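In what follows, a structure is listed as C-alpha cells, so that the remarks can point back to it.
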DNA sequence: TTTTTAATTCTACATTTGTAGAACAAAGTC
DNA sequence: GACTTTGTTCTACAAATGTAGAATTAAAAA
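Residue numbers (this note's numbering), protein chains in the order written: chain X, 1 to 121; chain L, 122 to 242.
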C-alpha cells in the first residue's frame, strides 16, 4: 500500500515520535499548522490503509506506525530501481556512486562497508 | 514539477522511444491499452507541467521528453535522501550497501568505481 | 458540577488524477 | 471525391487527495 504525499509527511513525524496522540503530532507540525480535523482525517485514512495503528487510552488514541521507516523506504527504493534501472541494484549502485558527490572520508567509509561485505561470505 | 504515477509510466515509454507520435506510444503500451484519448489527456497534462514538448509534423505532434530520465530520477532520489536520510547521501549509501544483496562481482565493480573516484581527486 | 480541553466522527468541498466518449479535422487511400 | 486513419479538443465523471467546519463526547480541571 502507498501513502499520499501529505500522509507520508505526517508519517515521518510519527516515525520520529514512535507513538503520539493527535495533540503531540500537531505540536511538532511546522507552521502553518493544519486544522486538527485535517490531521485526524489523514490518520483515519492511514489507518484504513493499515499503515498506522493505535492504542486506546481513555477516550483517545495513541497512534503508532505499523510499518517501519526502513521497511517503507526499502519498498519505495526497490520500486524505483525496478522502473529506473531495470530492476538492477548494481546498475543503480554504479549510477549512484558516479553521480553523488561524496568526500574522501565518505568514500572510504563506503569502501569499508563493501570490504566487510566481501569478507562476510 | 512532479508527474503523477500514471504520467510517470507514460514518461518511461517516451524516454525509451525518445520521440513518438501518439500512435507509436499507444503501440508500446501494454494490454489492456487505454483509450487514445486517455493518453492524449495525459500528454496534454504533461505538456502543461512542462515535462513534455512536441514538434508539429503536419497536423499531428511528435512528442518528446523535456526532462531526461537521469535528471528526473536524480531529483526524485535527492528528495528521498532528504526526507529519509536527513539529506545525507553518505548515510543513504551506507544503508544501501548494507541492505542490498549484491554478489561478489557486483561488489567488486562498486569497489572499482569508488577506487576510481578516490584517485580522481 | 460546571467548564475547558483534547479528540473523534460526520459531512463537505475544491483539486488532482485516471479514464474515456463525442465531435471535429486533416491527411492519406481507393 | 468518399472513406479510413490518426490525431486533437472538449466535456465529463468517478476516485483519491488536501483541507476543514460542525457536532458530539469524554476526560480533566477548576
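Note that the Cβ used here is the ideal one computed from N, Cα and C, for glycine as well.
Quick caveat: nothing in here was measured; it's all calculated off a predicted structure.
- At a beta-carbon threshold of 9 Å, the residues of chain X lying near residue 239 of chain L are 104, 107, 108 and 111, ordered along the chain.
- No residue range can be given for residue 151 of chain L, since it is assigned to no alpha helix (DSSP H) and is classified by DSSP as neither H nor E.
- For the region 161-189 of chain L, the set of positions with a beta-carbon nearer than 9 Å to some beta-carbon of chain X is empty.
- Of the residues L:147, L:214 and L:227, the one whose Cα lies closest to the Cα of residue 163 of chain L is L:147.
- Listed in chain order, the non-local C-beta contacts of residue 13 of chain X below 8 Å within the same chain comprise 20, 25, 28 and 29, local neighbours out to five positions each way being set aside.
- In this structure, the straight-line span from the alpha carbon of residue 200 of chain L to that of residue 7 of chain X is close to 16 Å.
- Along the region 59-94 of chain X, the beta strand (DSSP E) occurs as fully enclosed runs of 3 or more residues at 60-65, listed in sequence order.
- Residues of the same chain with their beta carbon placed closer than 7 Å to that of residue 238 of chain L are lacking, with the five preceding and five following residues left out of the count.
- It is roughly 12 Å from the alpha-carbon of residue 124 of chain L to the alpha-carbon of residue 186 of chain L.
- In the DSSP assignment, residue 56 of chain X falls within the beta strand (DSSP E) that extends over 52-57.
- Chain order gives the chain L residues near residue 83 of chain X as 133, where near means a beta carbon separation below 7 Å.
- Each of L:227, L:224, L:231 and L:240 was checked against the Cα of residue 103 of chain X, and the nearest Cα belongs to L:240.
- If you check the CB distance, residue 9 of chain X and residue 211 of chain L do not come in under 7 Å.
- For residue 94 of chain X, at least one C-beta of chain L is nearer than 7 Å to its own C-beta.
- Excluding residues up to 5 positions away in sequence, 132, 135, 164, 167, 184, 185, 186 and 187 lie with their Cβ nearer than 8 Å to the Cβ of residue 173 of chain L in the same chain.
- Interface with chain X (7 Å Cβ-Cβ cutoff): residue 127 of chain L is excluded.
- Here residue 97 of chain X is buried, its C-beta having at least 16 other C-beta atoms within 10 Å.
- Counting only the Cα atoms, residue 220 of chain L lies some 11 Å from residue 71 of chain X.
- If you look at residue 132 of chain L, you'll find it in the alpha helix (DSSP H) that goes 126-138.
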